[in-house]
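Encoded as structure tokens, the structure appears first; notes follow it.
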Amino acid sequence: MKNGNLLIRIGFGLLFVRGGVEKFIEGFLGGVGLQNMADFLKSSGLAFLGDTGTYALGAILAALELVAGILLFANRKLFEAYAFLAFIMFMALVLVHISSGNWMNIMIHVALLFSLAGLAIQSKELK
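In case it helps, our numbering puts the sequence shown at residues 12 to 138.
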């Protein structure tokens, strides 16, 4: 089971480290950058936070996604990392993918959400 968990952590770690970095650096690996992230958050119903608030929230979310991916690589704080990433997938479903109607993206994010939630529960039970 150790090798299987290592492969899972590497796979999810790569996915979310890349996801965090691409939110910081516009154009890097197709990255959106922080300003576009802030604009998206404003258009998603968070305009009440203002320009500074949505920019700060985007930076915080990107940093936490990056840190959670790094924690998976390091095999540290697995419950917190998996739980946070499951929450990110839930929010991506609610804010982006369900309203887009793209069933492939919806199902990918549903699979990610439940996989990450299951791994969070499993990591808590192993302690």
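All C-beta atoms, glycine included, are put in the ideal place defined by N, C-alpha and C. Given the structure is predicted, the values throughout are model-derived calculations rather than measurements.
Along the stretch 49-78, the alpha helix (DSSP H) does not occur as any fully enclosed run of 4 or more residues. In the three-state scheme derived from DSSP, where H, G and I count as helix and E and B as strand, I36 is classed as coil. No Cβ-Cβ contact shorter than 8 Å links I36 with G30. In this model, A70 and G80 are separated by some 15 Å (Cα to Cα). Cβ neighbours of E33 within its own chain (closer than 7 Å, five residues either side excluded): F39, L40, G41, G42, V43. Separation of the CB atoms of Y93 and L123 is rounded to 11 Å, and the pair is thereby denied contact status at 8 Å. Going by DSSP, N116 is part of the alpha helix (DSSP H) stretching over 114-136.
Annotation for L96: the continuous alpha helix (DSSP H) segment containing it runs 89-103. The residue among F59, G15, G22 with its C-alpha nearest the C-alpha of L82 is G22. Here DSSP, grouped into helix, strand and coil, assigns V43 to coil.
Contact check for L52 and L68: beta-carbon distance about 6 Å, within the 8 Å limit, so the pair qualifies.
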